[in-house]
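Chains as they are written, first to last, in our numbering: chain B, 1 to 326; chain Z, 327 to 661; chain Y, 662 to 941. Quick reminder that beta carbons are idealized off the backbone N, C-alpha and C, glycines included.
As structure tokens, then:
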């Protein structure tokens, strides 16, 4: 049976604000198979974090789900009661966040925090809790776990705090791990360490990973597939190799050329002209149309069309096919 | 003569001794007994030069001392040992309090890391840029001030009509431009940029980087570009300095260092940069060792270094030249 | 413009805040114009008409010396508000200066200011006020000083805490590199950012200060008769409650309560205006 682990269909979310309604996400559809590592790449305002929050149903009160389905192992998460979701969060689907030190309780030792999670989700006796916590710390390569158990988040470095978070997240062997910008703010060597750890654990536990990031290079290094988002729309979904060899959406292409890489010099990097559309006032069919060099009447007047160029490569652009062959 | 010359500077922070009894600490106030206090060695003998119109990149991770070095150079803090020469004048002899009143203040300016936090939340963009013009150049005349600020706004492509806005009403890119405009307002010879684009989206980063390149050419400034993003540093800088735990471990021409790193740490740093083409990656294990009273005879990288041997534990490697203008502090590199 | 819009929003969203603003304006107008419009001379005694209950002629009745209670309450508004305002402003100015210096320079400045504030806070505040007035003498000036001193620690502590945090902000470093001296930095850049929490304190303190002045007068350490002041009127009227002449104490007491109530609610509203993080 090849039912994807996570299958999001036509998800649309609106935020109600004092100034009006903001259609933050519009018709988002993508899936993640078991064991796969998928990245959602986008800049600020793209809606990537909103998507992650929606999956776990931890959206802000102002966020309203207009329509859509979030199918997890064949069941629609949006239809579950909050009580049922408590069983899902931390056990079936786990999440780790940006700024790990802020995500941990500052007045509780890290060992005890790991125990809290284990106690919440598993039938484990008190004696075993300590052993489980030490085992969890070992799993994420934290040295001298007996000593670290008693330490508080402020005593640990950023990288260590993130490892503790990962330990907490995988303690109940979830099927899906959502990592929301897990390495932003960490040193580049620590970033590499953490990402390698996530990759190793995903393989070990046969866990799917959804990586949310603004860093296209990081997505390329660690993920099988990449979903590119812009202003609440998905603009392209593809395998990593394909995306770099043959980017189809003008935004994806611009994103690739704007990122400093190991070759070339300053004149080679290009910036993306224009600004994000104001979703309060502007209602556009294609939200990239006012910044796109290929825009024409079809783009402005017609609803966004998702074209499947290959079974693993789809793009939301009217002119994609001509650009592909060009 | 180099524009800036840093000679063997040390900076130590005295830490509280956790184990001291009350009697000892009280008597310590009167005796000024410092030997009981452990100290954090933020900078352990850093030396380098920046020439006129040169762009130098400073790379290193948290705890390497980059922030302390930046503070020392722009005279926000004092150093314990060593000298800092600006155009041949020893500015480390001038205390931070007095430095603001000297003519040197206008020579070194800084674009700080967080472009939002570096702006006074109650000052408009106009007032932020006006600050150094009033304090350092003593421009009081309203028209003159306005003209100069408009000129600076144009130089950084900041829309004039937004000058009356407060920081929270501006976008990330706009705030970055204001920080840059403020820093170049007094025509500094040396501009220190502390991770100026790390908080920005990739598309905005591209704009700001191009702006920085343009400004350097137009205004004949030298840059000290502090960043953890080696790709950016390679593109923008002529020379790169790599720091680890308060010491310079490697310095050389940007391209050479990037494509043929000599020090194991530089190698690890470069291989950690994510990219689609990466294969042989060096992943550093473990944590940075304690910067409190480190043993002066032990190489500070030896705990995590993939190449570490006995010699690294008994002799501190010194910077030596391995090829033209390429210096490395490691026992393993043959000249 | 945006500030006015926000103020308008706060006022319309929260009817209680709106009400307290109206009440506040009423008190201010009474303080300014009241004494010019009162029907009777607050000091004129008319013993024949002593202790008359409220009537069409005397809206709040008359007290034990035949004086019109209503006129006296109106005139007292000016005195009470004046004492409270001057005392609060004095403690705000001195407290913020001390607190800011302590928070910015730390070290011995902080230690000395800290011990000074600790000394004030070691006493139950009202007792301290009593002691100060008793020692310096029973004048309105001394009530003002006493009230100012006991309220000083609030401002000093808030100022010290805010300045201490702001001192390490990146914008302060940037301002130093822009050539600001420490004093300029403290006065023009740091302090304006430390002010919002103190603005809220100002209004709340007004309520306390009024209560304080009234309290001191109530026990005889403050405004002397025949001056009209809410506290002293409640004190004098308390003697007559048991014999049934309730109006002598009730009306000044009610107006006193209303004034404190008004300032407390105003404080909430000010908080909403100045500090969006703490919106109720």
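Neighbour-count burial assignment, residue i, 16 or more Cβ in a 10 Å radius
i	result
residue 490 of chain Z	exposed
residue 46 of chain B	buried
residue 274 of chain B	exposed
residue 124 of chain B	exposed
residue 219 of chain B	buried
residue 447 of chain Z	exposed
residue 741 of chain Y	buried
residue 233 of chain B	buried
residue 812 of chain Y	buried
residue 392 of chain Z	buried
residue 470 of chain Z	exposed
residue 48 of chain B	buried
Other residues of its chain near residue i: CB distance less than 6 Å, five sequence neighbours each side excluded
i	result
residue 57 of chain B	85
residue 416 of chain Z	409
residue 313 of chain B	238, 242
For residue i, the three-state DSSP class (helix, strand or coil)
i	result
residue 540 of chain Z	helix
residue 820 of chain Y	helix
residue 738 of chain Y	helix
residue 859 of chain Y	helix
residue 555 of chain Z	coil
residue 211 of chain B	strand
residue 845 of chain Y	helix
residue 373 of chain Z	strand
residue 589 of chain Z	coil
residue 940 of chain Y	At residue 940 of chain Y, the pLDDT of 42 sits below 50, so the modelled position is not reliable; the number obtained from the coordinates is stated separately. Residue 940 of chain Y falls in the coil class under three-state DSSP.
residue 932 of chain Y	helix
residue 633 of chain Z	coil
residue 238 of chain B	strand
residue 647 of chain Z	strand
residue 327 of chain Z	coil
residue 624 of chain Z	coil
Bridge partner(s) assigned by DSSP for residue i
i	result
residue 306 of chain B	B:316
residue 135 of chain B	For residue 135 of chain B, which the question treats as bridged, DSSP gives no partner whatsoever.
residue 575 of chain Z	DSSP, once it has assigned bridges, lists no residue as partnering residue 575 of chain Z.
residue 15 of chain B	B:22, B:63
residue 340 of chain Z	Z:365
residue 686 of chain Y	Answer is none; residue 686 of chain Y lacks a bridge partner.
residue 94 of chain B	B:177
residue 334 of chain B	Shown here, chain B extends from 1 to 326; a query on residue 334 of chain B therefore has no answer.
residue 332 of chain Z	Z:374, Z:410
residue 230 of chain B	B:233
residue 548 of chain Z	Z:516
residue 723 of chain Y	Y:729
residue 416 of chain Z	Z:411
residue 89 of chain B	B:93
CB contact below 8 Å: residue i versus chain Y
i	result
residue 486 of chain Z	no
residue 436 of chain Z	yes
Proximal residues to residue i (C-beta, below 7 Å), its chain only, five neighbours per side dropped
i	result
residue 458 of chain Z	508, 511, 512
residue 794 of chain Y	803, 804, 807, 877, 882, 883
residue 168 of chain B	113, 114, 117
residue 327 of chain B	Any question about residue 327 of chain B goes unanswered here, given that chain B covers just 1 to 326.
Close Cβ partners of residue i (< 8 Å) along its chain, the five nearest in sequence each way excluded
i	result
residue 562 of chain Z	381, 383, 535, 538, 539, 549, 551
residue 945 of chain Y	Because chain Y here runs from 662 to 941, residue 945 of chain Y falls outside it and cannot be looked at.
residue 173 of chain B	205, 207
Interface flag, residue i vs chain B, CB-CB below 8 Å
i	result
residue 468 of chain Z	no
residue 634 of chain Z	no
residue 483 of chain Z	no
residue 602 of chain Z	yes
8 Å Cβ cutoff, residue i in contact with chain Z
i	result
residue 768 of chain Y	no
residue 836 of chain Y	yes
residue 93 of chain B	no
residue 348 of chain B	Because residue 348 of chain B is not part of the residues shown, which for chain B are 1 to 326, the question remains open.
residue 840 of chain Y	yes
Contact residues within the segment 184-195 of chain B, judged by C-beta distance below 8 Å to chain D: Absence of chain D from the displayed structure is noted, the protein chains being B, Z and Y.
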